[in-house]
Amino acid sequence: MPTNKKLFKDNLLKNNPVFAQILGICSTLAVTNSLKNTVVMSAGLIFVLSLSNVIISMIRKKIPSKIRMMVEVLVIASLVIIVDIILKAYLPVISRKLGPYVGLIITNCIIMGRAEAFAITNKPGKSFIDGFSSALGYSYVLLVIAFFRELLGSGEIWGVRVLGDWWINWSFMVMAGGAFFMLAIFIWVVKGLFIQVEEEGSA
Amino acid sequence: MNEKDRKSRKIKDGLYTIFFMFFITVVFISIISFIYVKTRSKIKLNEQLKLKRAILFAGNIEYDNSNENDILDKYSKYVKEIEVENADNYFEIYKDGAKSGYVFLVTGPGLWGKIDTAIGFKQDLKTMTGIEFLKQNETPGLGARITETWFKEQFENKVAPIEKAVGENKEAGIKEFNAITGATSSSKAVMKIINKSAKNVKKRYDLMEEE
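Read top to bottom, the protein sequences are chains A and B. Under numbering that gives the first Met the number 0, think of the first position of the first sequence as 0, with each following residue one higher. Under numbering that gives the first Met the number 0, think of the first position of the second sequence as 0, with each following residue one higher.
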């Protein structure tokens, strides 16, 4: 069993859900065209993933194994609906912008993946760390991608114009296709520069 | 373990499974219902505010966007909702005590999906007072720029039917408008929605043109 610190670090880097496990790509492509949307989406995912891991871990010994996936989905879906309702009530503008993507957190494979792979067999404390760090690993990748997409596609950061008039918006970056390229470049850079050494060492 | 024991154990397991699923569903549904009931009125208010804000904007009435009470005040002061059978309600705008125009809720096709708008006309039902978008699914960063303030505000005092789209930074006459660079389809979709509404509202709502 890895220590808490190693677990946390691995989920951010070596086992990063996005660029190592290639999970949650749908939302990575969909919401990263502006930083604001991405931050809200990430906050939602951190909340849902941490809590769902803790709750599932807490009741793991009581869940009959036959219906364990039903229970997991129930927990995840309930948490997502709560996030959706709260966004609608207190952040209506962002809720409208995110549209169906909040509901789609339910189908984000990272959450179900962590529940099945980790929470169902581990103690609540460790499961929390696992969920929280996986969500953080997902979030920072999204934020980096969103930063570049918004900068290149709209010339803005957080809705504020930072590039002068000389900059011609690279509209392709804010369309879905741009996300594919950005994500691919990100994975290429990260794997090429940072991960490679470690892989060679362990091989 | 004999046959009988095994059977009763199986039934026990089955009952436990059913009971567990039932119990946990009830727990989670109760939590969600509680939060839903607590926030229901707030969500409803948000939706009303969105509509009222759009109608004020289309009717060219200034309001303080960050002040909810100001929006509600201005709405009750300047806007009158007219109920219509078999069609959407429309809204009359009253300025200085006299009727000055109308706002209609109009839906039309965009590039990717429906565009819901509120469109305001003066009493001649041709001169626009404004347009606001309630819902749109245009391409982010391109077509979705129809919701930018400069794009919406340029329609004030334009006269329907609008005949021509000109480039983003060009001079536009009263029957022309500045289309968004790279999003001509979405811009033209907006133009069509405006023209369609100008043509249809008179008939649908049985309104008289007034000079």
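Cβ atoms here follow ideal geometry from the backbone N, Cα and C, with glycine treated the same way. All values reported here derive from a predicted model rather than from experimental measurement.
Backbone CA spacing between residue i and residue j [nearest angstrom]
| i | j | result |
| --- | --- | --- |
| F103 of chain B | K13 of chain A | 56 Å |
| E149 of chain A | E170 of chain B | 29 Å |
| K43 of chain B | K49 of chain B | 10 Å |
| I118 of chain B | M40 of chain A | 32 Å |
| K61 of chain A | K9 of chain B | 17 Å |
| T106 of chain A | I45 of chain A | 15 Å |
| N66 of chain B | I130 of chain B | 21 Å |
| N194 of chain B | K174 of chain B | 11 Å |
| F21 of chain B | E82 of chain B | 46 Å |
| A114 of chain A | I55 of chain A | 7 Å |
| I60 of chain B | S33 of chain A | 31 Å |
| D9 of chain A | N45 of chain B | 42 Å |
| N168 of chain B | W149 of chain B | 11 Å |
| V159 of chain A | S196 of chain B | 35 Å |
| D69 of chain B | F120 of chain B | 23 Å |
| I23 of chain B | I110 of chain A | 19 Å |
| L110 of chain B | A164 of chain B | 16 Å |
| K6 of chain B | I17 of chain B | 17 Å |
| K202 of chain B | S184 of chain B | 28 Å |
| G181 of chain B | M127 of chain B | 25 Å |
| D63 of chain B | Q135 of chain B | 24 Å |
| Y204 of chain B | R144 of chain B | 31 Å |
| K190 of chain A | K3 of chain B | 60 Å |
| K51 of chain B | P91 of chain A | 15 Å |
| S138 of chain A | K37 of chain B | 30 Å |
As assigned by DSSP and simplified to three states, the class of residue i
| i | result |
| --- | --- |
| V165 of chain B | strand |
| L133 of chain B | strand |
| A86 of chain B | coil |
| K151 of chain B | helix |
| S99 of chain B | strand |
| I167 of chain A | coil |
| G58 of chain B | coil |
| M174 of chain A | coil |
| P91 of chain A | helix |
| K61 of chain A | coil |
| K157 of chain B | coil |
| P108 of chain B | strand |
| V159 of chain A | strand |
| G49 of chain B | For the record, residue 49 of chain B in the displayed sequence is Lys; it is not Gly. It is helical. |
| E71 of chain A | helix |
| T24 of chain B | helix |
| A146 of chain B | Note that residue 146 of chain B is Thr in the sequence shown, not Ala. T146 of chain B falls in the helix class under three-state DSSP. |
| T120 of chain A | coil |
| K94 of chain B | strand |
| T128 of chain B | strand |
| L78 of chain A | helix |
| A183 of chain A | helix |
| I21 of chain A | coil |
| A171 of chain B | coil |
| S33 of chain A | coil |
| N194 of chain B | helix |
For residue i, the first and last residue of its enclosing alpha helix (DSSP H)
| i | result |
| --- | --- |
| I118 of chain B | Taken as a continuous stretch (DSSP letters only), I118 of chain B belongs to no alpha helix (DSSP H), being part of the beta strand (DSSP E) at K113 to K121. |
| P123 of chain A | P123 to S153 |
| V78 of chain B | No alpha helix (DSSP H) contains V78 of chain B, which is instead part of the beta strand (DSSP E) from V78 to I81. |
| A182 of chain B | Counting along the chain, A182 of chain B falls outside any alpha helix (DSSP H), and DSSP gives it neither H nor E. |
| V30 of chain A | I24 to V30 |
| L11 of chain A | N3 to L11 |
| I109 of chain A | C108 to R113 |
Cβ neighbours of residue i in the same chain (closer than 8 Å, five flanking residues each side left out)
| i | result |
| --- | --- |
| V53 of chain A | A118, P123, S126, F127 and G130 |
| V101 of chain A | M40, G43, V79, V82, D83, L86 and S94 |
| Y89 of chain A | none |
| K219 of chain B | Only positions 0 to 210 of chain B appear in the structure, and residue 219 of chain B is not among them; the question remains open. |
| A86 of chain B | R203 and Y204 |
Own chain, CB closer than 7 Å to residue i, minus 5 neighbours either side, in chain order
| i | result |
| --- | --- |
| K96 of chain A | N36 |
| S49 of chain A | F127, G130, F131 and A134 |
| W166 of chain A | G154 |
| F7 of chain A | I128 and S132 |
| G152 of chain A | N32, N168, W169, S170, M172, V173 and G177 |
| N3 of chain A | K125 and I128 |
| K94 of chain B | Y77 |
| G23 of chain A | P16, V17, N107, C108, I109 and Y137 |
beta-carbon residue i near the ligand GDP non-hydrogen atom, thresh 8 Å
| i | result |
| --- | --- |
| F103 of chain B | Here there are no bound small molecules, and the ligand GDP is not part of this structure. |
First and last residue of the uninterrupted beta strand (DSSP E) at residue i
| i | result |
| --- | --- |
| F176 of chain B | E175 to N177 |
Residues of its chain near residue i, where Cβ-Cβ distance is below 6 Å and the 5 sequence neighbours each way are ignored
| i | result |
| --- | --- |
| G200 of chain A | Confidence at G200 of chain A is low in this model, with a pLDDT of 49, below 50, so the placement of that residue should be treated as unreliable; the coordinate-derived value is given next. Answer for G200 of chain A: no residue qualifies. |
| R59 of chain A | I119 |
| K113 of chain B | T106 |
| I28 of chain B | none |
- Message: For the region 133-151 of chain B against the region 78-90 of chain B, do three or more pairs of beta-carbon atoms, one drawn from each stretch, fall closer than 8 Å, so that the two count as touching?
- Response: With contact defined as three or more Cβ pairs closer than 8 Å, the region 133-151 of chain B and the region 78-90 of chain B are not in contact.
### Cβ contact (3+ pairs, closer than 8 Å) linking the region 132-146 of chain A and the region 179-186 of chain A
Between the region 132-146 of chain A and the region 179-186 of chain A, the count of Cβ pairs shorter than 8 Å is three or higher; the stretches touch.
Exercise. Is it true that the region 188-200 of chain B meets the region 151-160 of chain B, where meeting means three or more beta-carbon pairs spaced less than 8 Å apart?
Worked result: Verdict: yes, contact present.
Against chain C: residues of the region 7-26 of chain B by CB proximity under 8 Å
Looking at the structure shown, chain C is missing, and the protein chains on hand are A and B.
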